[in-house]
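Asker: Chains as they are written, first to last, in the numbering used here: chain U, 3 to 153; chain X, 3 to 153. Don't be surprised by glycine CBs; every beta carbon is placed ideally from N, CA and C.
Number of protein chains: 2
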Amino acid sequence: MTLYSMQAIGQVRSPYSETKDIPKGLGAKHEAEGVLEILPEFAAGLADIEGFSHLYVLWLFDRSLGFDLTASPPSDNRTHGVFATRSPRRPNAIGLTVVELLGREGPRLHVRGIDMLEGTPILDLKPYLSSIPAEKLRRGWLAEAEARGKS
Amino acid sequence: MTLYSMQAIGQVRSPYSETKDIPKGLGAKHEAEGVLEILPEFAAGLADIEGFSHLYVLWLFDRSLGFDLTASPPSDNRTHGVFATRSPRRPNAIGLTVVELLGREGPRLHVRGIDMLEGTPILDLKPYLSSIPAEKLRRGWLAEAEARGKS
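(1) For chain U, check one thing: does any of its Cβ atoms lie closer than 8 angstroms to the Cβ of Gln9 of chain X?
(2) Could you name the residues of chain X that Thr72 of chain U contacts, counting a contact when the two beta carbons are closer than 8 angstroms?
(3) Ordered along the chain, which non-local residues of its own chain (more than five positions away) have a Cβ less than 6 angstroms from that of Phe69 of chain U?
(4) How should Leu60 of chain X be labelled, buried or exposed, when 16 other C-beta atoms within 10 angstroms of its C-beta is the threshold for buried?
(5) Helix or strand or just coil, what does DSSP make of Thr87 of chain U?
(6) Between Ile134 of chain X and chain U, is there a C-beta pair that is closer than 8 angstroms?
(7) What do you reckon, are the CB atoms on Gly83 of chain U and Gly105 of chain X nearer than 8 angstroms?
(8) Which bits of chain U does Asp126 of chain X rub up against, with CB to CB less than 7 angstroms?
(9) For Thr99 of chain U, report the span of its beta strand (DSSP E) as first-last.
(10) Hey, would you say Ile116 of chain X sits closer than 8 angstroms to Val101 of chain X, going by beta carbons?
(11) Relative to the C-alpha of Lys138 of chain X, which residue among U:Leu57, U:Ser77, U:Pro75 is closest?
(12) Check the Cβ-Cβ distances between His82 of chain X and every residue of chain C, and say whether any is below 8 angstroms.
(13) Determine the direct distance from the alpha carbon of Pro129 of chain X to that of Glu107 of chain X, and round the result to whole angstroms.
(14) DSSP three-state call for Leu144 of chain U: helix, strand or coil?
(15) Would you mind sorting Ser89 of chain U into buried or exposed? The rule is 16 or more other CB atoms within 10 Å of its CB.
(16) With distances taken Cα to Cα, identify the nearest neighbour of Leu41 of chain X among X:Leu67, X:Glu52, X:Val14.
(17) Grab the span of the beta strand (DSSP E) containing Lys128 of chain U for me, first residue to last.
(18) Shorter than 8 angstroms from the beta carbon of His56 of chain U to some beta carbon of chain X?
(19) Could you give the distance in angstroms between the alpha-carbon of Ser77 of chain X and the alpha-carbon of Glu148 of chain X?
(20) Let me know the secondary structure DSSP gives Thr21 of chain X once reduced to three states.
(21) With burial defined as no fewer than 16 other Cβ atoms inside 10 Å of the residue's Cβ, what is the status of Gly151 of chain X: buried or exposed?
(22) Please list, in chain order, the chain U residues whose beta carbon lies closer than 7 angstroms to that of Lys138 of chain X.
(23) For Ala95 of chain X and Ser66 of chain X, which I take to be in contact (beta-carbon distance under 8 angstroms), what is that distance rounded to the nearest angstrom?
(24) Relative to the alpha-carbon of His32 of chain X, which residue among X:Asp126, X:Thr99, X:Glu146, X:Arg110 has its alpha-carbon at the smallest distance?
(25) If I measure Cβ to Cβ from Pro75 of chain X and keep anything under 6 angstroms in the same chain, skipping five residues before and after, which residues do I get?
(26) Taking 8 angstroms as the CB-CB cut-off, is Leu119 of chain U touching chain X?
(27) What are the boundary residues of the beta strand (DSSP E) that includes His112 of chain X?
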């Protein structure tokens, strides 16, 4: 088995210090503002990033240990395969969040949409470029759980 | 510096065996079909995934060595910070692709939208849940490069 090594390019400054503080489940809104603090040695990689309104942030669930192949998301009382959920207990503990870029001060990116804990290691940033039109999306068990929640 | 270890959960079966075969640059369409072949030991993690129309695939640029902090994308003749591009030469060589899930046969997911090379290691799969409305997106240097290309 080949192992691939990753290192942090920076850290998240978040209002959330504990997992229980992060809004979860159906209808949870992620409007929290925070900062993506990029390490000085990687700051040159941010050139021109301020032209994008939204970014993908790839980060590490660094306070999650081990993984399960099934997960019980807060939005449903049934279990699902871990790859059909956003559970932190995944074989590779990578998180993915789309944030809105509010502004940049050198290596510090002010963003809205934080759902990570304070100090979370950042692995990568990418421009968010395109969207699947809402009418073409099927949202699997989540849509079903929402429908049950409303009835 | 903390290093984080990642391992493949499967491999991409792609029609592309060389980087030059993959459509690139402005207006490139990724309509290629392929298979995400998940390793047997992780297959239980796919339960219920067939309910989603689109998936995020996190994968490794395993044939890219080293990184640069600036990149010259095929869609522009100017350089940009690597985090404002999808260049493979990134500090953590993680690729991110949204694919359409066409069907599932056990641990094999048939998908459309492949832009990876044959044999690419897969790190993670996540359901694609929401879209930023197109009118709220700013696409930075890419929109500018497109405008220049049209004039």
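Answerer: With the structure as the only source:
(1) By one-based count along the second sequence, residue 9 of chain X stands at place 7. Interface flag for Gln9 of chain X against chain U is set, since a Cβ pair is found closer than 8 angstroms.
(2) One-based indexing of the first sequence puts residue 72 of chain U at position 70. Going along chain X in sequence order, the residues near Thr72 of chain U (Cβ under 8 angstroms) are Ala46, Gly47, Ala49.
(3) Here residue 69 of chain U refers to the residue found at position 67 when the first sequence is read from its first residue. Cβ within range, chain order: Arg91, Arg92, Pro93.
(4) Against the second sequence, residue 60 of chain X aligns to sequence position 58. With 16 or more Cβ atoms within 10 Å of its Cβ, Leu60 of chain X is classed as buried.
(5) In the first sequence, counting from the first residue as 1, residue 87 of chain U sits at position 85. It is coil, neither helix nor strand.
(6) As a first step, residue 134 of chain X must be located in the second sequence, where it is residue number 132. Yes, because at least one Cβ of chain U sits closer than 8 angstroms to the Cβ of Ile134 of chain X.
(7) One-based indexing of the first sequence puts residue 83 of chain U at position 81. One-based indexing of the second sequence puts residue 105 of chain X at position 103. Against a cut-off of 8 angstroms, the Cβ pair of Gly105 of chain X and Gly83 of chain U comes out as no contact.
(8) As a working mapping, residue 126 of chain X is identified with position 124 in the second sequence. The answer, in chain order, is Arg92, Asn94, Ile96.
(9) Mapped onto the first sequence, residue 99 of chain U falls at position 97. Start and end: 96 to 107.
(10) Numbered from its first residue, the second sequence carries residue 116 of chain X at position 114. Numbered from its first residue, the second sequence carries residue 101 of chain X at position 99. Contact annotation: Ile116 of chain X and Val101 of chain X have beta-carbon atoms nearer than 8 angstroms.
(11) The residue labelled residue 138 of chain X in the question sits at position 136 within the second sequence. Selected option, being the one with the closest Cα: U:Leu57.
(12) The chain labelled as chain C is not found among the protein chains of the depicted structure, namely U and X.
(13) Against the second sequence, residue 107 of chain X aligns to sequence position 105. Against the second sequence, residue 129 of chain X aligns to sequence position 127. Glu107 of chain X and Pro129 of chain X: Cα-Cα distance of roughly 18 angstroms.
(14) For the purposes of this step, residue 144 of chain U is identified with residue 142 of the first sequence, where counting begins at 1. In the structure shown, Leu144 of chain U falls within a helical segment according to DSSP collapsed to helix, strand and coil.
(15) Walking along the first sequence from the start, residue 89 of chain U turns up at place 87. Burial call: buried.
(16) By 1-based counting over the second sequence, the position of residue 41 of chain X is 39. Considering only alpha carbons, the answer is X:Val14.
(17) Counting from one through the first sequence, the residue named residue 128 of chain U turns up at place 126. Element bounds for Lys128 of chain U: 123 to 129.
(18) Your numbering for residue 56 of chain U matches position 54 in the first sequence. Chain X places a beta carbon closer than 8 angstroms to that of His56 of chain U, counting this residue as a contact.
(19) Position 75 of the second sequence, counting from 1, holds the residue named residue 77 of chain X. Position 146 of the second sequence, counting from 1, holds the residue named residue 148 of chain X. Taking the straight line joining both Cα atoms gives about 8 angstroms.
(20) Residue numbering aside, residue 21 of chain X sits at position 19 when the second sequence is read from its first letter. Under the three-state reduction of DSSP output, Thr21 of chain X falls in the helix class.
(21) Translated into the one-based positions of the second sequence, residue 151 of chain X becomes position 149. The residue in question, Gly151 of chain X, is exposed, as its Cβ has fewer than 16 Cβ neighbours within 10 Å.
(22) In the second sequence, the residue the question calls residue 138 of chain X occupies position 136. Those within 7 angstroms of Lys138 of chain X in chain U are Ser55.
(23) Here the question's residue 95 of chain X lines up with position 93 in the second sequence. Here the question's residue 66 of chain X lines up with position 64 in the second sequence. Sure, about 5 angstroms apart at Cβ, within 8 angstroms.
(24) Here residue 32 of chain X corresponds to residue number 30 of the second sequence, with the count starting at 1. Closest by alpha carbon: X:Thr99.
(25) In the second sequence, counting from the first residue as 1, residue 75 of chain X sits at position 73. Thr87, listed in sequence order.
(26) Counting from 1 along the first sequence, the entry for residue 119 of chain U is found at position 117. Taking CB atoms only, Leu119 of chain U has no neighbour in chain X less than 8 angstroms away.
(27) Position 110 of the second sequence, counting from 1, holds the residue named residue 112 of chain X. 110 to 114 is the extent of the beta strand (DSSP E) around His112 of chain X.
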